[in-house]
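Protein sequence lines, in the order shown, are assigned to chains A and B. According to the working numbering, the first sequence is numbered sequentially starting from 367. According to the working numbering, the second sequence is numbered sequentially starting from 367. Worksheet: one structure, shown below.
Number of protein chains: 2
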Amino acid sequence: MAATQTIADTDEPTARQRAVLDAVLSLMVEEGDQLTMTAVARRASCSKETLYKWFGDREGLLAATVRWQAARVRAGRYDRPTLDIATLRDSLKGFAATWLAVISSPTSIALNRLAIGHAASRKSNLGGIVLENGRFAIGERLRPVLEAGRDAGLLAFEDSETAFRSFFGLVGRDVQIRLLLGDSLTLGQDEIARDAARATDQFLTLYGRKPSAPQA
Amino acid sequence: MAATQTIADTDEPTARQRAVLDAVLSLMVEEGDQLTMTAVARRASCSKETLYKWFGDREGLLAATVRWQAARVRAGRYDRPTLDIATLRDSLKGFAATWLAVISSPTSIALNRLAIGHAASRKSNLGGIVLENGRFAIGERLRPVLEAGRDAGLLAFEDSETAFRSFFGLVGRDVQIRLLLGDSLTLGQDEIARDAARATDQFLTLYGRKPSAPQA
DNA sequence: AATATGCCGTACCGTACGTTACGGTTCGGC
DNA sequence: GCCGAACCGTAACGTACGGTACGGCATATT
Numbered sequence: 367m368a369a370t371q372t373i374a375d376t377d378e379p380t381a382r383q384r385a386v387l388d389a390v391l392s393l394m395v396e397e398g399d400q401l402t403m404t405a406v407a408r409r410a411s412c413s414k415e416t417l418y419k420w421f422g423d424r425e426g427l428l429a430a431t432v433r434w435q436a437a438r439v440r441a442g443r444y445d446r447p448t449l450d451i452a453t454l455r456d457s458l459k460g461f462a463a464t465w466l467a468v469i470s471s472p473t474s475i476a477l478n479r480l481a482i483g484h485a486a487s488r489k490s491n492l493g494g495i496v497l498e499n500g501r502f503a504i505g506e507r508l509r510p511v512l513e514a515g516r517d518a519g520l521l522a523f524e525d526s527e528t529a530f531r532s533f534f535g536l537v538g539r540d541v542q543i544r545l546l547l548g549d550s551l552t553l554g555q556d557e558i559a560r561d562a563a564r565a566t567d568q569f570l571t572l573y574g575r576k577p578s579a580p581q582a
Numbered sequence: 367m368a369a370t371q372t373i374a375d376t377d378e379p380t381a382r383q384r385a386v387l388d389a390v391l392s393l394m395v396e397e398g399d400q401l402t403m404t405a406v407a408r409r410a411s412c413s414k415e416t417l418y419k420w421f422g423d424r425e426g427l428l429a430a431t432v433r434w435q436a437a438r439v440r441a442g443r444y445d446r447p448t449l450d451i452a453t454l455r456d457s458l459k460g461f462a463a464t465w466l467a468v469i470s471s472p473t474s475i476a477l478n479r480l481a482i483g484h485a486a487s488r489k490s491n492l493g494g495i496v497l498e499n500g501r502f503a504i505g506e507r508l509r510p511v512l513e514a515g516r517d518a519g520l521l522a523f524e525d526s527e528t529a530f531r532s533f534f535g536l537v538g539r540d541v542q543i544r545l546l547l548g549d550s551l552t553l554g555q556d557e558i559a560r561d562a563a564r565a566t567d568q569f570l571t572l573y574g575r576k577p578s579a580p581q582a
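The structure is reproduced here in structure tokens:
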């Protein structure tokens with residue numbers, strides 16, 4: 367290793383390296399297919415030699431890109447779980463809207479396409495990284511909210527994971543798969559807000575405390 | 367043109383051609399990545415020249431494969447919409463179970479991965495074909511059931527498409543995206559049946575006539 | 001000033017793969 | 001039994017791309 371600038375899986379990328387990763391993202395979004403090392407080098411105005419020194423190989427570059435984008439998305443923080451139904455509803459709506467905005471963003475679409483393509487061949491963990499930082503990360507962050515809601519007597523469910531998965535389905539519906547397959551589906555700000563509210567209402571209908579407890 | 371056996375987009379493939387397409391499917395499922403023309407020819411015990419004569423080029427071969435698999439899945443027929451709640455519930459459960467079985471099958475996963483990978487580059491309509499024969503086909507087939515349920519006073523919704531999308535979300539949840547990204551999620555027969563029943567119950571809770579009408 | 005380091009730009013290498021071409025074989029029609 | 005069409009197996013071609021090597025430049029260090 368010595369003093370080389372090789373970026374390890376855990377290191378923070380430098381500013382220049384982040385610029386390179388942004389170039390990868392922009393190229394992914396615009397060209398989709400043409401994500402070649404030469405194209406990246408040209409877009410980022412760096413040499414291929416530098417790419418290989420920093421990221422090892424193509425896989426390493428892609429993995430670093432996924433992590434970089436994940437770190438950026440993760441930036442949004444969430445408030446403490448609260449005790450009244452209005453705040454709970456707002457929290458859920460916020461989660462839903464954020465999630466819809468993420469999965470409908472061109473960056474997320476391109477990244478997921480890439481990871482899904484690589485999931486076909488075993489030798490690569492891009493899919494795992496995307497799952498870990500997408501689907502599972504949001505699940506982990508929503509869980510305390512759901513459990514706080516249950517503790518406050520606002521929600522009723524046995525397993526928070528199962529409850530979350532229903533919420534996930536009500537929010538996302540067919541949006542992600544349609545976008546991934548190239549359907550021209552556009553979600554504006556107002557549409558996202560409306561869908562988030564609808565999904566939240568439906569979730570509260572299913573798992574709220576007022577009506578009789580659902581679930582077999 | 368002349369008497370060549372070139373298969374057009376609308377033609378039915380011959381038995382031998384279907385065998386070739388099955389070889390493509392098996393190769394896709396097993397190898398994922400290694401879907402090369404040479405590998406297909408070897409697996410199908412045919413010459414590459416024949417592949418090109420029959421399917422034009424690689425794109426044509428893949429498109430024919432998608433259509434072939436779609437035709438096979440479409441084989442399942444569905445009964446007439448009925449008028450009592452028990453039959454409606456059974457119809458919905460049947461749809462849900464079928465859909466879960468499809469999206470969790472190795473063939474569907476491999477096919478969707480391929481189509482998603484190709485959706486990144488514009489010049490290909492594999493994604494459109496998959497959408498048309500998957501998501502949209504099932505939507506079209508479920509719609510008469512939903513509308514019959516509404517006409518019979520069992521369901522309440524303004525837009526059958528919107529209602530269907532909620533059903534779609536409640537059934538699929540995070541299953542498809544997790545499988546596409548390589549998550550090791552296995553759905554057995556009993557699990558599918560349980561999930562289908564749960565999703566149907568939840569859908570009926572949201573859109574059934576008995577409780578107050580939901581939806582803003 | 002001299003040397004070293006880090007990086008850009010580009011040329012280069014090896015390989016994988018889509019596509020084409022061709023010789024040999026099987027088979028239906030005459 | 002002969003002819004042509006269809007098809008198999010394989011070799012060959014062209015290209016695209018991952019990865020490497022190298023010359024030049026700019027900045028930092030001594």
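No residue lacks a Cβ here, since even glycine has one placed at the ideal position from N, Cα and C. Just so we're clear, the structure is a prediction, and the values are computed from it rather than from any experiment.
What separation, rounded to the nearest whole angstrom, lies between the Cα atoms of residue 411(A) and residue 420(A)? Mapped onto the first sequence, residue 411(A) falls at position 45. Mapped onto the first sequence, residue 420(A) falls at position 54. Residue 411(A) and residue 420(A) have their alpha carbons spaced roughly 14 Å apart.
What residue range does the alpha helix (DSSP H) around residue 414(B) cover? Along the second sequence, one-based indexing puts residue 414(B) at 48. Start and end: 414-421.
Which residue from 472(A), 488(A), 508(A) and 479(A) puts its Cα closest to that of residue 459(A)? By one-based count along the first sequence, residue 459(A) stands at place 93. Answer by Cα proximity: 508(A).
Look at the alpha carbon of residue 407(B) and the alpha carbon of residue 428(B), and state the distance between them as a whole number of angstroms. Here residue 407(B) refers to the residue found at position 41 of the second sequence. Here residue 428(B) refers to the residue found at position 62 of the second sequence. Rounded to the nearest angstrom, the two C-alpha atoms are 13 Å apart.
Using a Cβ-based criterion (distance less than 6 Å to any ligand heavy atom), does residue 393(A) qualify as near the ligand MG? No copy of the ligand MG appears in this structure; indeed no ligand is present at all.
What are the boundary residues of the alpha helix (DSSP H) that residue 488(A) is part of? Translated into positions along the first sequence, residue 488(A) becomes position 122. Segment: none, residue 488(A) is in no alpha helix (DSSP H) and carries neither H nor E.
Where do the ends of the alpha helix (DSSP H) carrying residue 523(B) lie? Within the second sequence, residue 523(B) is the residue found at index 157, counting from 1. Bounds of any alpha helix (DSSP H) do not take in residue 523(B), whose DSSP letter is neither H nor E.
Find the residues of chain A that neighbour residue 398(B), judging by a C-beta separation of less than 7 Å, and give them in chain order. For this step, residue 398(B) is matched to residue 32 along the second sequence. Within 7 Å Cβ-Cβ: 486 and 487.
Is residue 345(B) close to chain A? Criterion is C-beta to C-beta, closer than 7 Å. Nothing about residue 345(B) can be reported from this structure: the residues present for chain B run from 367 to 582 only.
Just the chain B side, please: which residues come within less than 8 Å of residue 544(A) by C-beta, in chain order? Along the first sequence, one-based indexing puts residue 544(A) at 178. Here the neighbours are 497 and 501.
Excluding sequence positions up to five away, which residues of its chain have a Cβ less than 7 Å from the Cβ of residue 559(A)? For the purposes of this step, residue 559(A) is taken as residue 193 along the first sequence, with counting starting at 1. The beta carbon of residue 559(A) lies closer than 7 Å to those of 463 in the same chain, with the five residues before and after it left out.
Is residue 529(B) near residue 523(B), with beta carbons less than 7 Å apart? Taking the first residue of the second sequence as 1, we reach residue 529(B) at position 163. Taking the first residue of the second sequence as 1, we reach residue 523(B) at position 157. In terms of Cβ geometry, residue 529(B) and residue 523(B) form a close pair [threshold 7 Å].
From residue 470(B) to residue 475(A), what does the alpha carbon distance come to, in whole angstroms? Reading the second sequence from its first residue, position 104 is the one you call residue 470(B). Reading the first sequence from its first residue, position 109 is the one you call residue 475(A). Taking the CA atoms as reference points, residue 470(B) sits about 21 Å from residue 475(A).
Quick check: the Cα distance between residue 426(A) and residue 432(B), rounded to an integer number of angstroms? Taking the first residue of the first sequence as 1, we reach residue 426(A) at position 60. Taking the first residue of the second sequence as 1, we reach residue 432(B) at position 66. Straight-line Cα distance between these residues: approximately 32 Å.
Taking a Cβ distance cut-off of 7 Å, strictly less, list which residues of the segment 524-535 of chain A are near chain B, in chain order. Within the segment 524-535 of chain A, the qualifying residues are 531, 532, 534 and 535.
Could you give the distance in angstroms between the alpha-carbon of residue 448(B) and the alpha-carbon of residue 512(B)? Within the second sequence, the letter at position 82 stands for residue 448(B). Within the second sequence, the letter at position 146 stands for residue 512(B). Their Cα atoms are separated by approximately 10 Å.
Among the candidates 417(A), 466(A) and 424(A), whose CA atom is the shortest distance from the CA of residue 555(A)? Counting from one through the first sequence, the residue named residue 555(A) turns up at place 189. When only C-alpha atoms are compared, the closest one is 466(A).
Flag this pair as yes or no: are the beta carbons of residue 483(B) and residue 519(A) separated by less than 7 Å? Mapped onto the second sequence, residue 483(B) falls at position 117. Mapped onto the first sequence, residue 519(A) falls at position 153. For residue 483(B) and residue 519(A), no; Cβs fall outside 7 Å.
Residue 482(A): contacting residues in chain B (beta-carbon distance under 9 Å): Taking the first residue of the first sequence as position 1, residue 482(A) is located at position 116. Chain B residues near residue 482(A): 478, 479, 482, 483, 543, 546, 547 and 548.
Mind pulling the chain A residues with CB within less than 7 Å of residue 539(B)? By one-based count along the second sequence, residue 539(B) stands at place 173. Simply 531, 532, 534 and 535.
Does the beta carbon of residue 568(B) come closer than 7 Å to any beta carbon on chain A? Residue 568(B) sits at position 202 when you count from the first residue of the second sequence. Chain A contact via Cβ: present.
Our contact map puts residue 435(B) next to residue 477(B) with C-beta atoms below 8 Å; I'd like the distance itself, whole angstroms only. As a first step, residue 435(B) is located in the second sequence; it is residue number 69 there, counting from the start. As a first step, residue 477(B) is located in the second sequence; it is residue number 111 there, counting from the start. Confirmed, Cβ separation roughly 6 Å.
Does any residue of chain A bring its CB to less than 7 Å from the CB of residue 572(B)? On the second sequence, residue 572(B) is found 206 positions in, with the first residue counted as 1. Taking Cβ atoms only, chain A reaches closer than 7 Å to residue 572(B), which makes this a yes.
I'd like to know whether the C-beta of residue 519(A) is nearer than 7 Å to at least one C-beta of chain B. Sequence index remark: in the first sequence, residue 519(A) carries index 153 (1-based). Closer than 7 Å: no.
Give the DSSP-derived three-state secondary structure of residue 574(B) in the structure shown. To locate residue 574(B), count along the second sequence from 1; it is residue 208. Strand, per DSSP.
At the level of alpha carbons, what is the spacing between residue 540(A) and residue 385(A)? The count along the first sequence starts at 1 and reaches residue 540(A) at position 174. The count along the first sequence starts at 1 and reaches residue 385(A) at position 19. Computed Cα separation, rounded: 33 Å.
If you reduce the DSSP assignment to three classes, tell me which class residue 400(A) lands in. As a first step, residue 400(A) must be located in the first sequence, where it is residue number 34. Residue 400(A): coil per DSSP, three-state reduction.
Partner residues on chain B for residue 494(A), Cβ-Cβ distance less than 9 Å: Taking the first residue of the first sequence as 1, we reach residue 494(A) at position 128. Neighbours of residue 494(A) on chain B, chain order: 547, 548 and 549.
Could you give the first and the last residue of the continuous alpha helix (DSSP H) run that contains residue 373(B)? If you number the second sequence from 1, residue 373(B) lands on position 7. Per DSSP, residue 373(B) belongs to no alpha helix (DSSP H) and is neither H nor E.
Apart from the five residues just before and just after residue 389(B), which ones in its own chain have a Cβ nearer than 7 Å to its Cβ? Within the second sequence, residue 389(B) is the residue found at index 23, counting from 1. In chain order, 406, 409 and 410 place their CB closer than 7 Å to the CB of residue 389(B), counting only its own chain and leaving out the 5 sequence neighbours on each side.
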